[in-house]
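Below: one structure, written as structure tokens.
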Amino acid sequence: MARKSHVQTTINGETVEFLCEPRQSLLEVLRDELHLTGAKEGCNNGNCGACSVILDGRLVNSCLVLGAEIDGKSVETIEGLADPEKLHPIQDAFLENAALQCGICTPGFIMSAKALLDKNPNPTEHEVRYWLAGNLCRCTGYDKIVRAVLDAASAT
Amino acid sequence: MAEKKEYKVIGTRPIRHDGVDKVTGRAIYGGDFQITGLLHGRVLRSPHAHARIVSIDTSRAEAHPGVKGVVTAQDLPTAADKMADLGEGAVNLKYLCDNILASDKALYKGHAIAAVAATNPHIAEEACELIEVEYELLPPVLEVRQAMEPDAPILHDNLRTSSLGETGDKPSNVASHFQHKKGDIDKGFDEADIIIEREFVTGTVHQGYIEPHNATALYNPDGQLTVWCSTQGAFTVREQLAEILQYPISKIKVVPLEIGGGFGGKINVYVKPLAALLAKKTGKPVKVLMNRADVFEGTGPTPASYITIKMGATNDGKITAAQTSLFFEAGAYPGSPVGAGAMCVFAPYNIENAQIDGYDIVVNKPKTAPYRAPGATNAAFGTETVVDEIAEKLNIDPLEIRLMNGAKEGDRRADGPVYPRIGFIETLEAAKEHPHYGSPNGKKYHGRGIASGFWFNIGLESSVTINVNPDGTVNLVEGSTDIGGTRASIAMQAAEVLGISAESVNPTVVDTNSIGYTAVTGGSRTTYATGYAAYEAAQDVVKQMKERAAKLWDVDEDNIQFADGEFSSINGKEEQISFKDLSARLGETGGPVIGRATMNPAGAGGAFATHVVDVEVDVDTGKVEILRYTATQDAGKAIHPSYVEGQIQGGVVQGIGWALNEEYIYNDDGAMTNASFLDYRMPTCLDLPMIDAVIVEVPNPGHPYGVRGVGEVPIIPPPAAIANAIYDAVGIRMTELPMSPDRLLKAMGKI
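Chains A and B, in that order, give the protein sequences.
Counting in our numbering, the first sequence runs from 5 upward without gaps.
Counting in our numbering, the second sequence runs from 418 upward without gaps.
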């Protein structure tokens, strides 16, 4: 076992420190070291998007980032999205549109949608579909997810 | 008995009860579970499709620093070659155990050989690589026609064909053959003016849920085994663990956490017994997670199949005879869904003369598991394509020929049952009236196709208790794991009875120690059967609360009425109290009220669907684009229409994936070569248009609100509808799934 590295980073606006092995992915660190299990492991090789988080403003699959790489950077995860008093408009739109069934892909889709709307607040349906193509959902057929993101865009 | 009335809660679209947890990342799925002292388990799997296991040496793995325990088939109780009843049918115990850990033979690439528990998952993976297994390679059998050859390699030396009541005298890969007959098949074909006979081949596809299988197990020194996991049915997990581990059910508690999709694939257990064995060996809690390749290679796909369909019709479009042989891959152990395929293959039509032969055949692939209307999609691909061809040859509109032959109440299905009130014709009429069907369709390389489907749906056991809170809300306790919004659809049925809002019911899915037996979330049964139990439990609450009101007013219980959330006395002096106000007075009138119901309802209503699809075929690349999709479906009564639409849309898209892209691609050695989400390509949102879901409501007479199951039937029509649309676009009948670009280019003679 290699020596663990000390990492200092910002997660959802809070300074966080942890130790991690060089081989541990950001996803593994979030889930197993920091107990932020909102990011899900669906494939662990960047194909499903269930582990999507925003790293220094850029959407990434956290399974393809090493934990040690986020030293000095800033990570946004699903756990940081809602205020204590109210949900984020994307979260509300997912609930109102019934845009989830089993819900395992939902945190990834919401983070992906947030990254889209941060860049492009008024996407077309095609732009939403293009942007979300890196997130797999097996339950919904995507119809209600796409509508939820379009609704969230018009609500903000 | 279905009530015809206006509802206050049924048919509305409240926010689901578990919604906030699921959009904030707080919901705890099986893989998210944490417990002090947790070890991590990983599984060594066979790299060979068919091999005799000569020896397994785990000593180097056991000596690896951080490893706490290794298990192989030697650690399973000796499995007798006997049948075990697991609620959903009998299973050969040796097959069940051998699929968990191979004992004498590895029967597919991905077959579990050993499992390791270590202080972290990386160490467990390293240790798996240190296990030395000596294999004697055997030739693999990868397809049903190959498996039936007289000189085919044999998977199970003790397997004899059970055919129409007789047992064969030599080993075979054909586990069973059955037959359904109706009328006189020869006479039916004699009456036909046109006979179409075609062969169809469908590939192996996977359920494709995004959450891999998982389990955390803990053995306490007092012998109590607890398993936290995601599953479609906590009670079936308990039963399977009891049989595989030969352990008393009374000492097993299964705690179902949130489940990330199942579609039938999370009924059978895989890693749960391994977690239990490792927990026993190490004395620590052990979590076993699959990776994605494990899921593809080690868990139930739905079978590839070879199907022949022969149908005859008169010149005016009446189908006079239908005959099929369904050859289904079971995977490594007997038990394909060919029986269900046979029930559904001709089910949408009233055909006087029919014969159905089904064959269950073992091959060197993972043991198949149910996948959304198991068997029916394969079968309907054949039937619905042939019906389309008959319509075309007779110059009859494909929707009209279905209307002419469509099954109605009182018609007998080829496998025996007589239909109660069903809504097939209504789905056809809804499709016919939809603007999609009447819209222009004439562009070059554009085509339109339609197809229909049937799924019978099931009932089975469900239990519900309802605890009344002093503020007029209720806590509803149930055992059906919620894969797609069933907390809401179950709670809403109780709310309707009690005259309270959906939000005033708090539904909780509990463990096997905390509710009566409840069968799996599957067979499109949950909103129907557990919902029915919630209805009855709520009626029980009403009955008890009437007794309390009677006590309060000192009148006879028979004088108490309950309507619109108010209890009232119908004679003597006028008294009235709301459900809420009476809830606050339960203590003084005798103590808390708990309503309860258990059921095994027999009146599951069959579901029909009719789909219309427009496609564009790129004749240079062979790619098929879905331009427009409309799905009509009889839901009986949609409790929460948004989630009914969601089931329809999701099923359609799984069907589109099956039709166009998805398949296990095998090399000659029997190894799956595309065991990742990159190479096993499921539809993304960029591949799709919006899916127009049209809910038709023909109430099921077997449910108080008329509910039919909705989850499964929408996956059935898409492959045939798309094949028919491709024919309309380019004039080529596709008879093999998936209709991927390479197959289409070959069929068009381009490569």
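A virtual CB, placed ideally from N, CA and C, is assigned to each residue, including glycine.
All of these numbers come straight from a predicted model, not from anything done at the bench.
> Which bits of chain B does residue 73 of chain A rub up against, with CB to CB less than 7 Å?
Replying inline: Here the premise fails: no neighbours, minimum Cβ distance about 18 Å.
>> If contacts are defined as beta-carbon pairs under 8 Å, then residue 1019 of chain B and residue 1050 of chain B qualify, I think. What distance do you get, rounded to the angstrom?
In response: No, residue 1019 of chain B and residue 1050 of chain B are not in contact; Cβ-Cβ is about 23 Å, not under 8 Å.
> What residues in its chain sit with their C-beta under 8 Å from that of residue 1078 of chain B, if we drop five residues either side in the sequence?
Replying inline: 1098, 1099, 1100, 1155 and 1157
> Taking the Cβ atom as the reference point for each residue, do residue 948 of chain B and residue 880 of chain B lie within a distance shorter than 8 Å?
Replying inline: no
>> Restricting to runs no shorter than 3 residues, where is the beta strand (DSSP E) found entirely within the region 851 to 927 of chain B?
In response: 863 to 872, 879 to 885, 891 to 895 and 922 to 926
> Per DSSP, residue 62 of chain A forms a beta bridge with which residues?
Replying inline: A/59
> Mind listing which residues of the region 99 to 123 of chain A have their C-beta closer than 8 Å to chain B's C-betas, in chain order?
Replying inline: 99, 100, 101, 102, 104, 105, 106, 107, 108, 109, 110, 111 and 114
> Under the rule that 16 or more other beta-carbon atoms within 10 Å means buried, what is residue 862 of chain B, buried or exposed?
Replying inline: exposed
> DSSP beta-bridge partners for residue 1061 of chain B?
Replying inline: Partner(s): none; residue 1061 of chain B has no beta bridge.
>> Mapping the DSSP letters down to three states, classify residue 1044 of chain B as helix, strand or coil.
In response: strand
>> So if I threshold CB-CB distances at 7 Å, which residues from the region 1086 to 1103 of chain B count as touching chain A?
In response: 1093, 1094, 1095, 1099, 1101, 1102 and 1103
> Using a beta-carbon distance cut-off of less than 7 Å, what residues from the region 1048 to 1068 of chain B approach chain A?
Replying inline: 1059, 1060, 1063, 1066 and 1067
> With 8 Å set as the bound, which would you pick, yes or no: does the beta-carbon of residue 467 of chain B sit closer than that to a beta-carbon of chain A?
Replying inline: no
> With residue 148 of chain A and residue 119 of chain A assumed to form a contact (beta carbons below 8 Å), what rounded beta-carbon distance in angstroms separates them?
Replying inline: Their Cβ separation, rounded to whole angstroms, is 20 Å, which puts residue 148 of chain A and residue 119 of chain A out of contact at 8 Å.
>> Can you look up residue 487 of chain B in the DSSP assignment and give me helix, strand or coil?
In response: strand
> What whole-angstrom Cβ distance do residue 126 of chain A and residue 157 of chain A have, given they're in contact under 8 Å?
Replying inline: 6 Å
> So, are the CB atoms of residue 1063 of chain B and residue 901 of chain B less than 8 Å apart?
Replying inline: yes
> With distances taken between CB atoms, is the gap from residue 955 of chain B to residue 915 of chain B smaller than 8 Å?
Replying inline: yes
> Touching or not, the region 570 to 588 of chain B and the region 721 to 739 of chain B, by the rule of three or more beta carbon pairs under 8 Å?
Replying inline: no
> Residues in its own chain within less than 7 Å of residue 1106 of chain B by CB, not counting five upstream and five downstream?
Replying inline: 1043, 1044, 1045 and 1046
> In terms of DSSP beta bridges, what is residue 468 of chain B paired with?
Replying inline: B/523 and B/554
>> I need the DSSP call for residue 16 of chain A, collapsed to helix, strand or coil.
In response: coil
> So, helix, strand or coil for residue 1089 of chain B, using DSSP?
Replying inline: strand
> Does DSSP put residue 429 of chain B in a helix, a strand or coil?
Replying inline: coil
> If you drop the 5 nearest sequence neighbours on each side, which residues of the same chain put their C-beta closer than 7 Å to that of residue 17 of chain A?
Replying inline: 84
>> Let's see if you can read the secondary structure: which residues bound the beta strand (DSSP E) around residue 1103 of chain B?
In response: Unbroken run through residue 1103 of chain B: none, as it is neither H nor E.
>> Using a Cβ distance threshold of 8 Å, determine whether the region 1085 to 1092 of chain B contacts the region 1023 to 1042 of chain B, with at least three qualifying pairs required.
In response: no
> Alpha carbon to alpha carbon, what distance is there between residue 664 of chain B and residue 615 of chain B?
Replying inline: 50 Å
> Buried or exposed: where does residue 92 of chain A fall if 16 or more other Cβ atoms within 10 Å of its Cβ makes it buried?
Replying inline: buried
>> Considering only the alpha carbon of each residue, which of B/593, B/605 and B/560 lies closest to residue 781 of chain B?
In response: B/560
>> Only counting the same chain, and skipping five residues up and downstream in sequence, which positions put a Cβ closer than 6 Å to that of residue 768 of chain B?
In response: 736 and 739
>> Under 8 Å, Cβ to Cβ, is there at least one residue of chain B near residue 47 of chain A?
In response: yes
> Straight-line CA distance for residue 1083 of chain B to residue 620 of chain B?
Replying inline: 11 Å
> Which chain A residues are close to residue 444 of chain B, counting only those with a beta carbon under 7 Å from its beta carbon?
Replying inline: 107
>> Looking at chain A, is there any beta carbon in it that lies within less than 8 Å of the beta carbon of residue 423 of chain B?
In response: no
> Is any beta-carbon of chain A found at less than 8 Å from that of residue 902 of chain B?
Replying inline: yes
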